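Here's the structure we're looking at; comments come further down.
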Amino acid sequence: MSAKKEFSVKWGMAIDLDKCTGCGACMVACQAENNLAPQADASNKRRVMNWLVVYELSNGKAFPDHEVAYLPRPCQQCAEQPCATVCPVVATERNEEGGIVSQVTPRCIGCRYCMAACPYHARYFNWFDPIWPKGMEKALTPDVSMRPRGVVEKCTFCHHRFMQAKDVLRTKGIDVYTRAVDGKHHCAIPENGYVTSCAEACPNGAIVFGDLNNPAHKVYQLVTGNDNAFRLLERLGTDTAVYYISSREWVRRLGDNYLPDEETQKPQQILPKKH
Amino acid sequence: MEINYNRPIDADLFPEGASRCSFTQFSLWMGFLTAILLVGLYAMFLVFRYGIGVTHLDDHFGFGLWITFDLAVIALGAGAFFTGLLRYILNIDPLKNIINLAVIFGFICYTGAMLVLVLDIGQPLRSWFGYWHANVHSMLTEVIFCITCYCIVLIIEYIPLIFEQKQLNRIPLLHHIAHNLHVTMPLFAGMGAFLSTFHQGSLGGMYGVLFGRPYAFRDGFFIWPWTFFLFVLSAAASGPMMTVLVGTIMEKCTGKKLISFDIKALMGKIAGTMLLVYLVFKFLDTGAWIMSIAPRSGLEFDQFFHGWIYGKWLLVAELLLCGVLPCVILLKKNLRENPALLYTAGLLDCAGITINRYVLTVQTLAFPSLPFEQWQTYAPNWVEWAPCFMVFAYAAVLLSLSYRYLPVFPQEKQLNG
Amino acid sequence: MKFVAGASAGIMATPVPWKLLDDVSIWTQNWSWIPRNQYGESTYAHAVSKMDPSGVPMRIRLVDGRPVRVLPVEDHPLGGGLTALSVAEVQMLYSPGRVKRPLLRAADGGFTELDWPAAAKILQEKLTEAGKNTAFISGDESSSTNEVLSAFAKGIGSDQVFFMPSEGQCASVAARLMGLEAQFGYDLEKSDYVLAIGANLLESWGTVVRNRRIFKESHPHPVRSAAKGIKEAAPMAVLAYAGSVQNNTAAVARPWLPIYPGSEGLLALGIANMLIAKGRVVDAADFDAFKALAAKFTPEEVARLTGVDPKKLEAVVEGLLKAKAPLVVVGSEFGQGAGAAPLMAAFAVNALLGNINRPGGLVLMPPAQTAMPKAEARSGMYAKDLASWIGTAKPALLVLHEANPVYALPDPESVAAALKNIPFKVSFSTFMDESAALCDLVLPIGMGIERTDDMESPYGCGGSVYCVTPAVVEAEQDVRSTANALLFVARKMGMDLGFETLMDLIKAKAQQYGKAKFDVLASGKALVDDRTVGPRGLKLRADILGKALQPAAKAKDALCLAPYAKLSMGTAKTGIPPYNNKTLRAGDLDGTAMTVLMNAATASKKGMANGDRLLLDSGRRRIAAKLRVYEGVMNDTVAVCLGFGHTALDEFSQNKGANVMELMTAAAEPGTGLSVWTGTAVAVSKA
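Protein chains in written order, with our numbering: chain A, 1 to 275; chain B, 1001 to 1417; chain C, 2001 to 2687.
Below, the structure written as structure tokens:
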């Protein structure tokens, strides 16, 4: 396995599960932003292309003690990717400042090994060619190219918006990366200068996006030392860039597999022994 | 020359001194196989024309029947490399009587698997990216490298056999090529053994490295997870028996003795030994999986199984019924020298390895990796089955042609004297 | 042989195979049938969603003049994000269900295409011919188009101008019955304790994006650290929800009080009684009568009637009493059919809490003004009950404006039958919906972002608000706006309605609203007016409440029907937008079968299990469904999502489940003149 790459800037999310109502606006915003094709029959969820999926979580109790929570699941942008390490053709890798796991669809041969590797089901295959209703191709954005059948795709944290934000700085003559007092590189993109489409759409502010390494960013403040924060399948050691927060222990406990006698863990307490 | 109307019209092409069925009968058989091939070709057309969406594969089961099939046939085709290794490198001479069959069957398995792989990847036109943009960290890259290289080796091993065809061998050039290739065969056998060991291992490694999938993930040695070694051993344990079974099936079909039973029993002994080694490690591995990987993933053993379809019976069948039982039969001289028991053990052995490849492929993915998910189930559709049967038919075609026209079985004349 | 070998080696030495390989990698990225990115300059325009009934301000991104994205607007009183419906507005421009040009019913039953002048001529003839026997139904409550409709109707002697049923209508009628000339406003921004009873605040009730922004602002992210000694901050405002389904609001509300569907008003009366017991009074002439009525709703009685947990209710009432600015919002879990009485009861509760016209309380906004001389006020249109009228009336001509009664009214089959009896029907519609498909003349109108339109104080807002939405893009289809088409026909018929176009009317309206310039409004500015009107002459109308608020009759083994709404499923007008069916979760739809929800106790009582095929029978109509056991549903209740079962529109809406409206029948609400259909009971059996 390749050594873990650390970046000065690490884009990430804090998703507040006490705020998410499961409305699906983020999912629609994602599709429109990233030029996904609609599907007339989307009833078979295992064949529905959604880079971002909102899962329904239950506390497992009977009425009236039942509680429900909704969990939006973008690509977790792992620092230790189960996926990129297995791709035979380097069609996906995490090799750029910002720590976003890329997906180079023109490179992808469609072997789907990465899908088998990803425990978050964040990867989707184009089982057929994408078809837009006549005329709807006019509503496609110029930012994300369309993918043919036979390739795998996934959430990129709206990487094109990252590039646009950098372009904005460059046109103003501002250096994208600056060295801060702590000696680390920080990105000069202002806190809201780069936001993913899903985070932007959510009226509840359930998705907070920013630099996990930047103490000035809200996302940093929300996840650092927050006992209510957790990551999905943390103990696998994937070291994801998507944190979830909830004051409800049952929600946090559903973020990972636990033996019955194990206590619900705080983030980064469960360190992988080996992988 | 006087024409003997009792002889099949293609009799001049037969191996020296061999008798074969009538050409009409042979054509009927070929016609039947062609029909299966055509169905498979139609399925392939559907996949290439419309996309892999015509199958029952989906985002949850990106791997399914095809990958299981590939892994199984590559394991079962391992008779070629393993027998080659024993025959040419370790000089176990009696194996010369079965090595041709092993090579042909290996060739069939690998080319068949490659054919199915071409179907299985979404962008077959980009399959060469595996070389051009290789990710050296990926087990699959190693698989792509080794399988394609080994396929070339198998072609090289197959060529002299083809050139030894009675009529072709009269052409001096072909005769010399065949002869020279024979001389260099130990080199290719060595290469084959090396390549094959690595890709068998890499195929296993493919699963063992999936640290996001506790069902498949295994610790290991250096960069190789234990499944790497288990796959090599299990292939060596099942490949020879598969070669024996294929030879036996050919005997049943042709009504002739093609391989003497002592050779088969020898193969059985070799396979049994390998199976024993494999099982020792497999049990250790299963123990480590249950005692270490499961708990540190926060999982209990029972959580790896679901209902009937992914039940514990698969594990029991794989390890005991299709593992320990054939191992005992193959290792005990008196048992393995009973043909019925030898063949049963062979079948069980191969079935066990196939179950292993199946559960690692499908059950790994069916398992709910996110704690709030449910188990998912997968059943292939006809579009997935048809190319598999097409490969079976292709195997039958190639074996039939090779048997009819090539000197595959050195003992044939003697045994049917 | 040598030749083949030599040729192979030779070819490999030439650039041909390598060039071919290189080309292959390019081909496989550029198949001709995959659309390519079209580049261009990005521009942005402001608009307000007319597709989404919750009034969402939007920023439209255009590339080379083509709208490609709907983006949120932050600095707007109704803004702060997007709903799952409004975010799909750009894609809806290209919905396969769009009406492309005017269509006229031909003798063979099909449609023939015609041009607008010809269509306008037919419309004029039909309107002239039908005269006062013409009825109008509008599906857009907040647009000035309604002034054109009502003024036009008056011009031809008709007063039959209806709105499609809505929560706004229930509230308006409630206000009128209580002697208030006002629109109810809800100052959620300043409230520190909101109890929503049936009102799905965060998904389908009122100004959804605004409600949700307020929820965001009042609920800090849960940060807690034992090491640093940081305790979780309490929310600045409590959001409690009472309803029969653990819907989007209940998912994040603390607490959720499960009650039977249709018992919202009874719960409000129970709360009123508890507040009166704590000494709260209302300055109203008939307070004593109200007090006497409320006294019947003891906590035990309320628990029996609504199924509410008395302890939880008591805690909520405590919370309301302790709060500085408590607010009780009553609505229908599916945004319609509640009648006026629950809203009246809610008003009484708010009055008892002393929050009328107070910050964070229930606001009495001045009623929406008209700018067109002959136009009827919104409240006047609200006063007419469509559901009861449609079954009985027999107009000669029916004109629909963005209305789909054949799908959206209770008992759609009867509505369709009633429509078939109307000699000539016209639909101004963007999409070929179920009603348009039944009409004789279908006139395509542009989508919100293709036309100039306005939005005046949508129901649920906290103060009067006026927004203009300009045409952001020119329609590709041959469309007009309803208002302009009618104004054109009016002139042809010799009627002077005071304005030539809707734009003129909007300009006049903008002037009326604080002398604002059209251009300023069109660039996304909202006009806000915080004036209130006093609750002078308030009557609590116990006489009506006593009759209207009765527990729904239900056969012993029948289940309560709890329809619920999700904006993602679109509206009756739009159907499910192309991207939105993907937001359905696994199990919401099994192939074409929809799922309905019951808790495990209810299911086992009925001998049913997860995955069973069911029939829901209202006695008149039946729908088929699949059972999903979901513990977030009230006992003895079956929850069904709205928005399925479209037979018209496009492939994204069709072949998906059944329309739950089929199971409902409108019943008269005593004393209010409205119809109610929130308390439906259904027999459920295995199919």
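Cβ atoms here follow ideal geometry from the backbone N, Cα and C, with glycine treated the same way.
Nothing here was measured: the structure is a model prediction, and the numbers come from that model.
Let me see if you follow: with CB-CB separation under 8 Å, is M1 of chain A close to chain B or not? By 1-based counting over the first sequence, the position of residue 1 of chain A is 1. Because the pLDDT at M1 of chain A is just 44, under 50, the model does not fix this residue reliably, and the value given afterwards should be weighed accordingly. Judged by the 8 Å Cβ criterion, M1 of chain A is in contact with chain B.
Apply the 10 Å Cβ neighbour rule to Y70 of chain A and answer buried if 16 or more other Cβ atoms are within range, or exposed otherwise. For the purposes of this step, residue 70 of chain A is taken as residue 70 along the first sequence, with counting starting at 1. That one is buried.
Leaving out the 5 sequence neighbours to the left and right, which residues in its chain are closer than 7 Å to M1 of chain A when beta-carbon positions are compared? Indexing the first sequence from 1 puts residue 1 of chain A at position 1. Its pLDDT being 44, under 50, M1 of chain A is placed unreliably in this model, and the value from its coordinates should be taken loosely. Taken in chain order, the residues that qualify are T85.
Check whether the segment 1139-1151 of chain B touches the segment 1083-1101 of chain B, taking contact to mean three or more Cβ pairs, one atom from each stretch, closer than 8 Å. no
Looking at L2540 of chain C: is its Cβ nearer than 8 Å to the Cβ of F2290 of chain C? Mapped onto the third sequence, residue 2540 of chain C falls at position 540. Mapped onto the third sequence, residue 2290 of chain C falls at position 290. Yes, the Cβ-Cβ distance between L2540 of chain C and F2290 of chain C is below 8 Å.
On the three-state DSSP scale, how would you describe I15 of chain A? Locating residue 15 of chain A in the first sequence gives position 15, where the first residue counts as 1. Residue state, collapsed to three classes: strand.
From what residue to what residue does the alpha helix (DSSP H) around T2128 of chain C run? As a first step, residue 2128 of chain C must be located in the third sequence, where it is residue number 128. Per DSSP, T2128 of chain C belongs to the alpha helix (DSSP H) from 2116-2130.
Could you check which residue in A:M163, A:N226, A:L254, A:E137 has the C-alpha nearest to that of A32 of chain A? By 1-based counting over the first sequence, the position of residue 32 of chain A is 32. Of the candidates A:M163, A:N226, A:L254, A:E137, the one whose C-alpha sits nearest the C-alpha of A32 of chain A is A:E137.
Might you give, ordered along the chain, the residues of its own chain that have their beta carbon closer than 8 Å to the beta carbon of L2082 of chain C, omitting 5 neighbours on each side? Taking the first residue of the third sequence as 1, we reach residue 2082 of chain C at position 82. Around L2082 of chain C: V2056, M2058, V2070, L2071, P2072, V2209.
Any idea which residues DSSP pairs I2060 of chain C with across the strands? The sequence position of residue 2060 of chain C within the third sequence is 60, counting from 1. Its beta-bridge partners are C:A2045, C:V2070.
What separation, rounded to the nearest whole angstrom, lies between the Cα atoms of R179 of chain A and H185 of chain A? Locating residue 179 of chain A in the first sequence gives position 179, counting from the first residue. Locating residue 185 of chain A in the first sequence gives position 185, counting from the first residue. Answer to the nearest angstrom: the Cα atoms are 4 Å apart.
Measure from the C-beta of W132 of chain A to each C-beta in chain B and report whether the shortest distance is under 8 Å. On the first sequence, residue 132 of chain A is found 132 positions in, with the first residue counted as 1. Not one chain B Cβ lies under 8 Å of W132 of chain A.
Alpha-carbon to alpha-carbon, Q1167 of chain B and D1012 of chain B: Looking up residue 1012 of chain B in the second sequence gives position 12. Looking up residue 1167 of chain B in the second sequence gives position 167. Cα to Cα, D1012 of chain B sits roughly 8 Å from Q1167 of chain B.
Within 8 Å (strictly less), CB to CB, does Q1123 of chain B reach chain C? For the purposes of this step, residue 1123 of chain B is identified with residue 123 of the second sequence, where counting begins at 1. Closer than 8 Å: yes.
4-residue-minimum alpha helix (DSSP H) runs that sit fully inside the segment 130-161 of chain A, ordered along the chain: none
Counting only Cβ pairs nearer than 9 Å, list the residues of chain D close to V2056 of chain C. You won't find chain D in this structure, because its protein chains are A, B and C.
Exposed or buried, which one is D2283 of chain C when buried takes at least 16 other CB atoms within 10 Å? Within the third sequence, numbered from 1, the residue matching residue 2283 of chain C stands at position 283. With fewer than 16 other Cβ atoms within 10 Å, it is exposed.
Any 3 or more C-beta pairs closer than 8 Å across the segment 2216-2236 of chain C and the segment 1-18 of chain A: yes
Check whether the segment 1038-1055 of chain B touches the segment 1381-1397 of chain B, counting contact only when three or more Cβ pairs, one atom from each stretch, lie closer than 8 Å. The segment 1038-1055 of chain B, when compared against the segment 1381-1397 of chain B, does touch it at the 8 Å Cβ threshold.
Give the interface partners of M1139 of chain B over in chain A, defined as CB-CB distance under 8 Å, in chain order. Counting from 1 along the second sequence, the entry for residue 1139 of chain B is found at position 139. The answer, in chain order, is V86.
Based on the DSSP secondary-structure assignment, which residues constitute the bridge partners of I207 of chain A? In the first sequence, residue 207 of chain A corresponds to position 207, counting from 1. Its beta-bridge partners are A:I15.
Within 8 Å of any Cβ in chain A, is that where the Cβ of V1209 of chain B sits? For this step, residue 1209 of chain B is matched to residue 209 along the second sequence. By this cut-off, V1209 of chain B is an interface position.
Does the distance from the CB of Q1123 of chain B to the CB of I109 of chain A come in under 8 Å? In the second sequence, residue 1123 of chain B corresponds to position 123, counting from 1. In the first sequence, residue 109 of chain A corresponds to position 109, counting from 1. Result yes, Cβ atoms of Q1123 of chain B and I109 of chain A sit closer than 8 Å.
Interface partners of C202 of chain A on chain C, CB under 7 Å: Taking the first sequence and counting its residues from 1, one reaches residue 202 of chain A at position 202. For C202 of chain A, the chain C residues whose C-beta falls within less than 7 Å of its own C-beta are G2081, listed in chain order.
Own chain residues within Cβ distance below 6 Å of P272 of chain A, not counting five before or after: Taking the first sequence and counting its residues from 1, the one referred to as residue 272 of chain A is at position 272. Since pLDDT at P272 of chain A reaches only 44, below the 50 mark, its modelled position is unreliable, and no value is offered.
Strictly under 8 Å for the Cβ-Cβ distance: is D129 of chain A near chain B by that measure? Here residue 129 of chain A refers to the residue found at position 129 of the first sequence. Yes, because at least one Cβ of chain B sits closer than 8 Å to the Cβ of D129 of chain A.
Would L2497 of chain C and F2152 of chain C be called neighbours here (beta carbons separated by less than 8 Å)? Along the third sequence, read from residue 1 onward, the residue named residue 2497 of chain C stands at position 497. Along the third sequence, read from residue 1 onward, the residue named residue 2152 of chain C stands at position 152. Taking C-beta atoms as the reference points, L2497 of chain C and F2152 of chain C count as a pair closer than 8 Å.
Under 7 Å Cβ-Cβ, which residues of chain B neighbour L2021 of chain C? If you number the third sequence from 1, residue 2021 of chain C lands on position 21. Under the 7 Å cutoff, chain B gives W1128.
For R2628 of chain C, write down the residues that DSSP places opposite it in a beta bridge. In the third sequence, counting from the first residue as 1, residue 2628 of chain C sits at position 628. C:L2597.
Can you look up K2547 of chain C in the DSSP assignment and give me helix, strand or coil? Reading the third sequence from its first residue, position 547 is the one you call residue 2547 of chain C. In this structure, K2547 of chain C counts as helix in the three-state DSSP scheme.
Helix, strand or coil, according to DSSP, for Q1025 of chain B in the structure here? Here the question's residue 1025 of chain B lines up with position 25 in the second sequence. Helix at Q1025 of chain B.
Name the chain B residues that come within less than 9 Å of V2024 of chain C, Cβ to Cβ? Taking the third sequence and counting its residues from 1, one reaches residue 2024 of chain C at position 24. Result: L1125, R1126, W1128.
Given that a residue counts as buried once 16 or more other Cβ atoms are within 10 Å of its Cβ, and exposed if not, what is R1020 of chain B? One-based indexing of the second sequence puts residue 1020 of chain B at position 20. Counting Cβ neighbours within 10 Å, R1020 of chain B comes out buried, since at least 16 surround it.
Are the Cβ atoms of R1061 of chain B and L1365 of chain B separated by less than 8 Å? Translated into the one-based positions of the second sequence, residue 1061 of chain B becomes position 61. Translated into the one-based positions of the second sequence, residue 1365 of chain B becomes position 365. Sequence check: residue 1061 of chain B is Phe here, not Arg. Taking 8 Å as the Cβ cut-off, F1061 of chain B and L1365 of chain B qualify as a contacting pair.
CB contact flag (C78 of chain A, V53 of chain A, <8 Å): Translated into positions along the first sequence, residue 78 of chain A becomes position 78. Translated into positions along the first sequence, residue 53 of chain A becomes position 53. Cβ distance not < 8 Å, so C78 of chain A and V53 of chain A don't count as in contact.
Beta carbon of G24 of chain A, beta carbon of N2580 of chain C: below 8 Å? Within the first sequence, residue 24 of chain A is the residue found at index 24, counting from 1. Within the third sequence, residue 2580 of chain C is the residue found at index 580, counting from 1. Yes, the pair counts as a contact, with Cβ atoms nearer than the cut-off.
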